Amino acid sequence: HLSQPVTSAALLIVIIRLNDYNKIIVRKKVPEMSISKGKLVIVGAGKVGDAVLNSVLQMNLLDDIVVVNRNKDKALGEVLDASHTTAFAYSSNASIRVGDYSDCADAHMIVITAGPSIQPGNHDRNTLLLQNIEVCDSVMASITRYTKEAIIIIISNPLDILTYHFQKKYDYPVNRIFGTGTLLDTARFNKMLGDLCHVDAKNVVGFVLGEHGATSFIPWNTVNIVGVPFNELASKFGLAKPIDKDKLLRDTKIVGPHIVDLKGYTSSGVSLAACRIIGAIVRNEHCIVPVSTVMRGQYGCDDVAMSLPCVLSENGIDRVLELPLDDEGMRDFRISHDHLRELLNQI
Numbered sequence: 341h342l343s344q345p346v347t348s349a350a351l352l353i354v355i356i357r358l359n360d361y362n363k364i365i366v367r368k369k370v371p372e373m374s375i376s377k378g379k380l381v382i383v384g385a386g387k388v389g390d391a392v393l394n395s396v397l398q399m400n401l402l403d404d405i406v407v408v409n410r411n412k413d414k415a416l417g418e419v420l421d422a423s424h425t426t427a428f429a430y431s432s433n434a435s436i437r438v439g440d441y442s443d444c445a446d447a448h449m450i451v452i453t454a455g456p457s458i459q460p461g462n463h464d465r466n467t468l469l470l471q472n473i474e475v476c477d478s479v480m481a482s483i484t485r486y487t488k489e490a491i492i493i494i495i496s497n498p499l500d501i502l503t504y505h506f507q508k509k510y511d512y513p514v515n516r517i518f519g520t521g522t523l524l525d526t527a528r529f530n531k532m533l534g535d536l537c538h539v540d541a542k543n544v545v546g547f548v549l550g551e552h553g554a555t556s557f558i559p560w561n562t563v564n565i566v567g568v569p570f571n572e573l574a575s576k577f578g579l580a581k582p583i584d585k586d587k588l589l590r591d592t593k594i595v596g597p598h599i600v601d602l603k604g605y606t607s608s609g610v611s612l613a614a615c616r617i618i619g620a621i622v623r624n625e626h627c628i629v630p631v632s633t634v635m636r637g638q639y640g641c642d643d644v645a646m647s648l649p650c651v652l653s654e655n656g657i658d659r660v661l662e663l664p665l666d667d668e669g670m671r672d673f674r675i676s677h678d679h680l681r682e683l684l685n686q687i
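The sequence shown begins at 341 in the numbering used here and counts up by one.
In structure tokens form, the structure reads like this:
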């Protein structure tokens, strides 16, 4: 007797003749695991590096994962712990190991999570600038001894500054080095706006752009839900009052530091943001996501890295898109640009 409906697509039913009656044995089909061939090097085995490792495994993105960390014992502990998850059903049998920078020579992608993160009470990622420039400079010097072909994804903060500085210093192909940028900020914004309108966040079309930090901005004239522009959302979705866009932007900016104040760090959201990028590259998706890239003439600028909508493919960044910013959007863009330029002048 089956207490729940059974569909042939989900279950395999085997009927066995046993004595004088039929016994029905229901076995669940185990889907074949689809895992891409490729090598990922994760630099840094802290909370974010560990979260990226486990997210990549759970999403079956790549079959060869190497963790590089100054403290080898810490790296080994994370690798051993993560490797045991591959024994469970629906997990890929990926190779996971501790390595060194020579593993970058044939890596498809490298994720940099090295260096300290903001701590509770400190809401400014830019306070990490000088310390993480030094830490990540050593990382980049080690990587570029072995490759300038791997796609480098920077998570360490302040990532816009690190992305620009290291692309220029090491003359790394501009389409193959970028930061997770405002992809996580965008996810947070989409979730908040979706909740306000009582719809799935995945139906929200809107980007947070600029600095991954205090001067990030939302080009409101491009925000919509299934084609309904932002300034019509309240009436179309039956809200009691208009949406306060200033509060929504402020909440989007402060929620990350608020999470740090509550639990001491963030890891889940940024690891999934990294995996969204990795998956897009592995699957050659040509999807559009906001990532931090060195500007190459967009809006007349080429002297900073900031988040803009980018088309991601197996080559990294295929194209950088210029949204049609209105006067408010251009003002906010300029504020973010000038702030990032001031920070770069401090290096």
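Even for Gly, the Cβ is constructed at its ideal location relative to N, Cα and C.
Quantities reported herein were computed from a predicted structural model and do not represent experimental measurements.
Residue i: first and last residue of the uninterrupted alpha helix (DSSP H) it sits in
i    : result
P597 : K585 to K603
M480 : L469 to T484
K581 : That residue, K581, is in no alpha helix (DSSP H); it is neither H nor E in DSSP.
I617 : S608 to V622
S575 : L573 to K576
T526 : L523 to C537
Close beta carbons around residue i, own chain, < 7 Å, minus the five adjacent residues each side
i    : result
V475 : A454 and G455
R681 : D643 and V644
E418 : A385, D390, L393 and V407
S423 : I436
S607 : K387, V388 and A391
G619 : M399 and L401
D446 : K379
T592 : D525, R528, F529, M532 and V548
Collapsed DSSP secondary structure at residue i in the structure displayed
i    : result
D658 : strand
L402 : strand
S376 : strand
S676 : helix
I450 : strand
R516 : helix
Y495 : A quick correction: the sequence has Ile, not Tyr, at residue 495. It is coil, neither helix nor strand.
F547 : coil
V438 : strand
I501 : helix
E668 : helix
N564 : strand
F557 : strand
CA nearest to the CA of residue i, picked from the options
i    : options                   : result
P597 : S575, T633 and A554       : A554
V451 : S395, L468, S423 and K414 : S395
L502 : S632, N530 and M532       : S632
L665 : K603, L393, V566 and L549 : L549
K509 : R528, C444 and V479       : V479
R410 : I382, I473, Q507 and L573 : I382
S435 : A481, M449, L420 and C444 : L420
D535 : G521, T520 and L573       : L573
I405 : M449, C627, K412 and L589 : M449
T288 : Y441, N624 and Y605       : In the structure as shown, the chain starts at 341 and stops at 687, and residue 288 therefore has no counterpart that could be examined.
A543 : P498, P513, K603 and F529 : The question names Ala, but residue 543 is Asn in the sequence shown. It is F529.
I687 : P498, Y486 and D443       : P498
E654 : S556, E625 and G521       : E625
G521 : D658, V651 and V629       : V629
I675 : Y512, P513 and E551       : E551
R590 : Y639, Y512, C627 and S556 : S556
V651 : A429, L380, Q638 and I621 : I621
C688 : I599, F518, F570 and Y605 : As displayed, the chain neither begins before 341 nor continues past 687, which places residue 688 out of reach and without an answer.
D500 : L469, K377 and Y605       : L469
Y316 : Q471, D443 and D403       : A query on residue 316 cannot be resolved here, the shown segment of the chain reaching from 341 to 687 and no further.
V568 : V539, K593 and I594       : V539
G656 : R623, N685 and L684       : R623
Same chain, Cβ closer than 8 Å to residue i, five either side skipped, listed in chain order
i    : result
M635 : C641, D642, D643, V644, A645, M646, L648 and V660
R357 : Bear in mind that the predicted position of R357 carries a pLDDT of just 43, short of 50, making it unreliable; the figure below should be weighed with that in mind. Excluding positions up to five away in sequence, the list is empty.
S431 : M373, L397, Q398, N400 and T425
D678 : none
Q638 : L648, V660 and E662
Endpoints, beta strand (DSSP E) assigned at residue i
i    : result
S307 : Residue 307 is absent from the model: the chain starts at 341 and stops at 687.
L648 : A645 to S653
V419 : Premise fails: V419 lies in the alpha helix (DSSP H), K412 to S423, not in any beta strand (DSSP E).
Neighbourhood of residue i by C-beta, 6 Å cutoff - its chain only, sequence neighbours within 5 removed
i    : result
N433 : T426
T562 : L663
L416 : V438
F506 : M480
K531 : A541
D658 : V651
N564 : V545
Cutoff 8 Å: residue i Cβ touching any chain C Cβ
i    : result
R636 : No chain C appears in this structure, which consists of one protein chain only.
Open item on the list: I want to know whether the region 577-590 touches the region 488-506 - three or more CB-CB distances under 8 Å.
Closed with: Taking 8 Å as the limit for Cβ pairs, the verdict is that the region 488-506 does not touch the region 577-590.
Open item on the list: Check whether the region 514-528 and the region 664-679 touch, using three or more Cβ-Cβ pairs below 8 Å as the test.
Closed with: Because the criterion of three Cβ pairs below 8 Å is not met, the region 514-528 and the region 664-679 do not touch.
Open item on the list: Could you check whether the region 581-592 touches the region 607-620, counting it as contact only if at least three pairs of C-beta atoms, one from each stretch, sit closer than 8 Å?
Closed with: No: the two stretches stay apart, fewer than three of their Cβ pairs being nearer than 8 Å.
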